[in-house]
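Chain order of the listed sequences is U and P. Start counting the first sequence at 5; every next residue gets the next number (the working numbering). Start counting the second sequence at 95; every next residue gets the next number (the working numbering). Yeah, the Cβ is synthetic: ideal placement off N, Cα and C, and Gly gets one too. Just so we're clear, the structure is a prediction, and the values are computed from it rather than from any experiment. Following: one structure in structure tokens, then a few remarks.
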Amino acid sequence: MAEPRVMDIKDQPGFRSIAIICLLVLYIPVLILMIFSFNSGSLVTHWEGVTLNWYGSAFLNEEFHSAAKNTLIISVTATIVSTICATLAAIGMTRVKPWRGLAAAFMIINLPLMVPEIITAVATLSFFALIAGTLGLNFGIGNLIFAHTVFCIPFAYMPIRARLEDMDLTLEYAAADLYATPWNAFKRITLPLLVPGIMSGAALAFIVSFDDFTITQLVAGPGQTTLPLYIWNQIRRPMTPEINAISTILLLVSILFVSVSFLIARRRAK
Amino acid sequence: MTTATLSPTPLSPQPLSKAALFEAQAVKAGARRNRLLSLPALIIIGIFGVLPLIIICVYSFLVAAPYGGVQWQFSTDAYLNFLFQRDIFDDTLQFTPDFLIIYLRSFLFAVVTTIICLLLGFPTAYFMATRPPAQRNWWVLLITIPFWSNLLVRTLAIMFIIRDEGLINDALLALGVIEKPITMLYTNFAIQLGLLYAFLPFMVLPLYSSLEKLDFRLVEAAYDLYATRRQVLWRVIIPLSKPGIIAGCLLVFIPALGAYVTPLILGGGVHLMIGDLIAQQFGSGRNWPLGCAQALILMAAVLVALFFYVRNTSGKVQHG
Numbered sequence: 005m006a007e008p009r010v011m012d013i014k015d016q017p018g019f020r021s022i023a024i025i026c027l028l029v030l031y032i033p034v035l036i037l038m039i040f041s042f043n044s045g046s047l048v049t050h051w052e053g054v055t056l057n058w059y060g061s062a063f064l065n066e067e068f069h070s071a072a073k074n075t076l077i078i079s080v081t082a083t084i085v086s087t088i089c090a091t092l093a094a095i096g097m098t099r100v101k102p103w104r105g106l107a108a109a110f111m112i113i114n115l116p117l118m119v120p121e122i123i124t125a126v127a128t129l130s131f132f133a134l135i136a137g138t139l140g141l142n143f144g145i146g147n148l149i150f151a152h153t154v155f156c157i158p159f160a161y162m163p164i165r166a167r168l169e170d171m172d173l174t175l176e177y178a179a180a181d182l183y184a185t186p187w188n189a190f191k192r193i194t195l196p197l198l199v200p201g202i203m204s205g206a207a208l209a210f211i212v213s214f215d216d217f218t219i220t221q222l223v224a225g226p227g228q229t230t231l232p233l234y235i236w237n238q239i240r241r242p243m244t245p246e247i248n249a250i251s252t253i254l255l256l257v258s259i260l261f262v263s264v265s266f267l268i269a270r271r272r273a274k
Numbered sequence: 095m096t097t098a099t100l101s102p103t104p105l106s107p108q109p110l111s112k113a114a115l116f117e118a119q120a121v122k123a124g125a126r127r128n129r130l131l132s133l134p135a136l137i138i139i140g141i142f143g144v145l146p147l148i149i150i151c152v153y154s155f156l157v158a159a160p161y162g163g164v165q166w167q168f169s170t171d172a173y174l175n176f177l178f179q180r181d182i183f184d185d186t187l188q189f190t191p192d193f194l195i196i197y198l199r200s201f202l203f204a205v206v207t208t209i210i211c212l213l214l215g216f217p218t219a220y221f222m223a224t225r226p227p228a229q230r231n232w233w234v235l236l237i238t239i240p241f242w243s244n245l246l247v248r249t250l251a252i253m254f255i256i257r258d259e260g261l262i263n264d265a266l267l268a269l270g271v272i273e274k275p276i277t278m279l280y281t282n283f284a285i286q287l288g289l290l291y292a293f294l295p296f297m298v299l300p301l302y303s304s305l306e307k308l309d310f311r312l313v314e315a316a317y318d319l320y321a322t323r324r325q326v327l328w329r330v331i332i333p334l335s336k337p338g339i340i341a342g343c344l345l346v347f348i349p350a351l352g353a354y355v356t357p358l359i360l361g362g363g364v365h366l367m368i369g370d371l372i373a374q375q376f377g378s379g380r381n382w383p384l385g386c387a388q389a390l391i392l393m394a395a396v397l398v399a400l401f402f403y404v405r406n407t408s409g410k411v412q413h414g
């Protein structure tokens, strides 16, 4: 045998290098962007020295404040509403006798994932323009909250449903055998076991709402600037490392929530 | 299984045995009412997600109002304008392929993105799946972070690197390889690079969840039967991971086809993709019906892709 038997059968030549290259390619641009947020020079690409001034000027910036406030109002509300809806829907679609229309309901819940964002964006814009024009309805920032809630629901729904499906049903049977009412069984057994799934789903809903640019940009009215929109407005002006500082903050928020969601999911898997 | 909750791959249907087991209990506990619990989510998505899609279908058959919006008058001009332009003088239709070219270019971008992501993503996912479990989790987290990170910011990071005064040009100038900066920003190259950067994690994660479940006894059997490494890869590993490959390609192809942020920032409004074209009709173009028609044509392309996906995966279930 030409091939020595000690070699790992799982190995494929060159795959390790490609994997490492992929990781470097994914991280180097973002790391450079983060590093330049500490640049004491006023150019985003030429390094001059270390400073924290750009974070300071970002935090003192009124526009940044109002953008951060809008972003938080929208993402927190959308996260709460979508997580509640997603939790109820996940229960209504797993803890039931299969009902007619279940497949259709599942499709509707996942619809926002299948439609390209730009289509959702122009459709939502047309919808709000129509109800403003015919019914005179304008929810202000509520428009953005509704739009965000729609695409947050499937993201919150996925981990909650996965958790419900993995759950050991014998506990719920036992509760029923011991004469627990359905509500009590849910409150004392199902819900506590479901909490990690709900947390994981809420974290994902928050990230997708917090980071959304496309839909927000088309639907947002005047004075409804969110952080991603603020960054976009800054790109079109001469840029200073302040934009790197704000971008870094956004990235850190995403990383925090992804890691939380990930760790919860991992604990579940153990 | 950690990725199952993090990647938006379609969920597997509920195991039948579980459902059947629970059925008796569910009926006994009067849990049939539970189905009503899905109503809030369905109503919200119905009103603010499905209804808007119906509205753009209607809008695509109306006439554009001069300052944006629509006039309630039936017309198929939006679809005609997609391929033809009406001559102002003699009112004849002339074939103008401008939009079609943008669609074909976007299609090409999406195809190239999918292929390169697959070529890079498959080895990466395979390498991840063959690590010891502890290391594997770190790899998954490292790929998951860019998956969920802000796309606008990630695209901005690429822009900073490929600008005329960016890191690549600075380095090449300092090394004396070039004398003038190479223009990379606002070119097709920039868009292609941005798309690859944006969607690579979308390929790796579904491939990983499929490769993670690979039965390596089959690989061992192939080696026992004197297969070479190359044969094992092409005749055993790749065929077994076909569902993951299809899911990954779809997760890259669909968002790449409708990409908006990437061409907006890296194409500089010069090299349009479908996404920018649609948004333009709602902005400076002031032609909402045309924008709606363009959006629906994109939707049709996506549905075709999804149809192939469903056909391929359901075929898979029948064979296995």
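Candidates the options, of which the one nearest residue i by Cα
{"i": "I272(P)", "options": "D258(P), L294(P), T208(P), L305(P)", "result": "D258(P)"}
{"i": "V404(P)", "options": "M393(P), G361(P), W382(P), L344(P)", "result": "L344(P)"}
{"i": "P383(P)", "options": "V144(P), L145(P), F176(P)", "result": "F176(P)"}
{"i": "G53(U)", "options": "A62(U), F63(U), F40(U), L64(U)", "result": "F40(U)"}
Cutoff 6 Å; reference residue i; Cβ partners in own chain excluding five residues on either side
{"i": "A179(U)", "result": "A189, I193"}
{"i": "H413(P)", "result": "Below a pLDDT of 50, predicted positions are generally treated as unreliable, and H413(P), at 41, falls in that range; the measurement from the model is reported next regardless. Answer for H413(P): no residue qualifies."}
Short Cβ contact (8 Å threshold) for residue i with residue j
{"i": "L148(U)", "j": "A224(U)", "result": "yes"}
{"i": "W51(U)", "j": "G60(U)", "result": "no"}
{"i": "T218(P)", "j": "L289(P)", "result": "no"}
{"i": "T218(U)", "j": "A125(U)", "result": "yes"}
{"i": "A399(P)", "j": "I331(P)", "result": "no"}
{"i": "V154(P)", "j": "A387(P)", "result": "The sequence shown places Ser at residue 154(P), not Val. Yes, the Cβ-Cβ distance between S154(P) and A387(P) is below 8 Å."}
{"i": "R323(P)", "j": "P17(U)", "result": "yes"}
{"i": "A209(U)", "j": "F142(P)", "result": "no"}
{"i": "I36(U)", "j": "S86(U)", "result": "no"}
{"i": "L130(P)", "j": "G105(U)", "result": "no"}
{"i": "A127(U)", "j": "I150(P)", "result": "yes"}
{"i": "R167(U)", "j": "P200(U)", "result": "yes"}
{"i": "S263(U)", "j": "L236(P)", "result": "no"}
{"i": "G215(P)", "j": "L301(P)", "result": "yes"}
{"i": "L173(U)", "j": "M38(U)", "result": "no"}
{"i": "F63(U)", "j": "T55(U)", "result": "no"}
For residue i, the three-state DSSP class (helix, strand or coil)
{"i": "V164(P)", "result": "strand"}
{"i": "A72(U)", "result": "helix"}
{"i": "C158(P)", "result": "One point to set straight first is that residue 158(P) is Ala, not Cys, in the sequence displayed. Here A158(P) sits in strand by DSSP."}
{"i": "R20(U)", "result": "helix"}
{"i": "N43(U)", "result": "strand"}
{"i": "R230(P)", "result": "helix"}
{"i": "V271(P)", "result": "coil"}
{"i": "V54(U)", "result": "strand"}
{"i": "G124(P)", "result": "Below a pLDDT of 50, predicted positions are generally treated as unreliable, and G124(P), at 49, falls in that range; no measurement from the model is reported."}
{"i": "W103(U)", "result": "coil"}
{"i": "E306(P)", "result": "coil"}
{"i": "V119(U)", "result": "coil"}
{"i": "R380(P)", "result": "coil"}
{"i": "P104(P)", "result": "With a pLDDT of 42 at P104(P), under the threshold of 50, the predicted position of this residue should be treated as unreliable, and no value is reported."}
{"i": "I88(U)", "result": "helix"}
{"i": "P109(P)", "result": "With a pLDDT of 49 at P109(P), under the threshold of 50, the predicted position of this residue should be treated as unreliable, though the coordinate-derived value follows. Coil at P109(P), not helix or strand."}
{"i": "S335(P)", "result": "coil"}
{"i": "D216(U)", "result": "coil"}
{"i": "V223(U)", "result": "helix"}
{"i": "V364(P)", "result": "coil"}
Sequence-distant residues of the same chain with beta carbon closer than 7 Å to residue i, five excluded per side
{"i": "D181(P)", "result": "Q188"}
{"i": "N406(P)", "result": "I340"}
{"i": "V326(P)", "result": "V313, A316, Y317"}
{"i": "G124(P)", "result": "With a pLDDT of 49 at G124(P), under the threshold of 50, the modelled position of that residue is not reliable, and no figure is offered here."}
{"i": "I122(U)", "result": "T218"}
{"i": "A72(U)", "result": "L231"}
{"i": "P255(P)", "result": "Checking the sequence, you will find Ile at residue 255(P) rather than Pro. Answer for I255(P): L261, I262, listed in chain order."}
{"i": "L305(P)", "result": "A219, Y220, A223, S335, G338"}
{"i": "V206(P)", "result": "Q286"}
{"i": "A160(U)", "result": "S86, T87, A90, G205, A206, L208, A209"}
{"i": "I139(P)", "result": "none"}
{"i": "T83(U)", "result": "C156, A206, A209, F210, S213"}
{"i": "N142(U)", "result": "A136"}
Residue i - partner residues in DSSP beta bridges
{"i": "L187(P)", "result": "R180(P)"}
Cβ neighbours of residue i in the same chain (closer than 8 Å, five flanking residues each side left out)
{"i": "Q165(P)", "result": "L156, V157, A158, A159"}
{"i": "V396(P)", "result": "I348, L351, G352"}
{"i": "I235(U)", "result": "I247, I250, S251, L254"}
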